[in-house]
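Below is one structure; the comments refer to it alone.
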Amino acid sequence: MATDSLQITILPDKGYYRPNQPVRILVRTDAGTHLEARITYLASELTTIHETIVAGEATLIWQPPAESPRGYGLSVDVYDGDALIATQTSAFDVLDRWIDAPRYGFLSNFSAGRDDDVATSEWMRLHHINGVQFYDWQYRWEDLLPDTDPFEDGLGRPQSMTTIRHLIDLLHADGIAAMPYTAIYGASTAFYRQHPTWGLFDAQGNVYDFGENSFISIMNPAPGSPWNQHLLGEFADVLQNTAFDGIHIDQYGSPKNGQDHDGNSVDLAEVMPQFIDQAAMVVQQFRGDEG
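Note that this note's numbering has the sequence shown beginning at 1, numbered continuously upward.
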């Protein structure tokens, strides 16, 4: 934290850095003539950088060692002439992949005409976010990509694939992964009614549901089930037709188990890891080791 009321912002240009990628960090300050920045790894000080402050800003550039994964500390002293007036600290990562040290954020506004690129980008980088979930971005839980743009989602909210694609590109420019939210067993009630044998049922044969007014029906995600194959196909469609980096798979916490249409037991504690492995194979097919 700063040592007094002087406002200092330390803003890296990436959510994280790859090995051999130069680190570039913008320092903004309300006052001061020059700064001294110290970069540390664990208890070792690696380098000291001196920069002049011009119009309230100075840029730090450093080439880190190639080793990864590593996290580095950064301490910035701001001077006014010979007087130390404030100190601020920060950090940054050097990683082969963002999942080596994930710092996960999310976005939930995908309306047409969203125009807060600078604020969104800076907030993510300021907080060292390196992966972002696009929460409830989809057309429907069972039909992820819309046929039209703009579109209304399953809750009747206006959304835009143009905005979604733009935000993916914005994050990628900052070295941040973009992940599409999906629900492992959630489908609209209308979809369930079209596929009444695909659901997950209680002991009385009633399909499980979720949400106010039961607007989501719970489907059976067990390997080999029709819903399982349908949703994996949706994942492939998303990865083929967008620049998302992988798949975010969510669940609602309940139910824990149920039965399929034929009365066979379905234990979700067993099924979910199997489904995740299947989804990982789809991601590997389309994104390779970068997924």
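For each residue, glycine too, the CB sits at the ideal point set by N, CA and C.
Residue i to residue j span [Cα, whole Å]
i    : j    : result
M1   : H127 : Residue placement at M1 is poorly supported in this model, since its pLDDT is 40, which falls under 50; the coordinates are not used for a value here.
D209 : P221 : 14 Å
T162 : N241 : 13 Å
D289 : I176 : 16 Å
R103 : E142 : 28 Å
V94  : Y252 : 34 Å
I39  : F275 : 43 Å
G15  : V207 : 43 Å
P146 : L26  : 39 Å
W98  : H195 : 38 Å
A55  : Y41  : 30 Å
R52  : F92  : Residue identity check: residue 52 is Thr in the sequence provided, not Arg. Taking the straight line from one Cα to the other gives about 22 Å.
A31  : D96  : 37 Å
D260 : E212 : 24 Å
A58  : V238 : 41 Å
Q204 : D250 : 26 Å
S108 : L167 : 11 Å
L84  : L60  : 19 Å
D82  : E36  : 12 Å
F235 : E45  : 46 Å
R193 : V283 : 30 Å
Q278 : M272 : 10 Å
P12  : S160 : 29 Å
T148 : N257 : 37 Å
F286 : M124 : 26 Å
Y17  : P226 : 41 Å
Q63  : A183 : 41 Å
R140 : Q7   : 44 Å
N228 : R28  : 50 Å
E152 : L144 : 12 Å
S265 : F215 : 24 Å
Range covered by the beta strand (DSSP E) that runs through residue i
i    : result
G186 : G186 to S188
A269 : From DSSP, A269 is part of no beta strand (DSSP E) but of the alpha helix (DSSP H) over L268 to R287.
R38  : H34 to Y41
D136 : Looking at the DSSP string, D136 is not in any beta strand (DSSP E), and its letter there is neither H nor E.
W62  : E57 to W62
A91  : A83 to V94
L11  : I8 to P12
R24  : V23 to T29
S217 : I216 to I218
L107 : Y104 to L107
G258 : N257 to Q259
Start and end residues, alpha helix (DSSP H) containing residue i
i    : result
P69  : From DSSP, P69 is part of no alpha helix (DSSP H); its letter is neither H nor E.
W316 : Beyond the ends of the chain as shown, which are 1 and 291, falls residue 316; an answer cannot be given.
E51  : Premise fails: E51 lies in the beta strand (DSSP E), S44 to T52, not in any alpha helix (DSSP H).
W123 : D117 to L126
Residue nearest to residue i in terms of C-alpha spacing, selected from the options
i    : options                   : result
P255 : A236, A279 and D202       : D202
A280 : H248, V266, D267 and S265 : H248
T89  : L74, W62 and D153         : L74
S5   : V78, L107 and A58         : V78
Y181 : G263, E152 and V132       : V132
R114 : P150, I61, A101 and G291  : P150
A69  : E57, A101 and G291        : One detail in the question is off: residue 69 reads as Pro in this sequence, not Ala. It is A101.
T9   : I85, D267, A183 and V76   : V76
A243 : Q229, Y135, Q63 and G291  : G291
D169 : F215, T120, A187 and E152 : T120
G71  : A43, V266, L144 and T87   : A43
G263 : T197, V118 and D117       : T197
D117 : D174, T87, P158 and G224  : D174
Beta-carbon proximity check, residue i vs residue j, cutoff 8 Å
i    : j    : result
A66  : P22  : no
T33  : D80  : yes
I164 : F134 : yes
G233 : I218 : no
S111 : G154 : no
A178 : D245 : yes
I129 : G156 : no
For residue i, the residue or residues it bridges with in DSSP
i    : result
A178 : V132
I249 : T182
S152 : In the sequence on display, residue 152 carries Glu and not Ser. DSSP, once it has assigned bridges, lists P158 as partnering E152.
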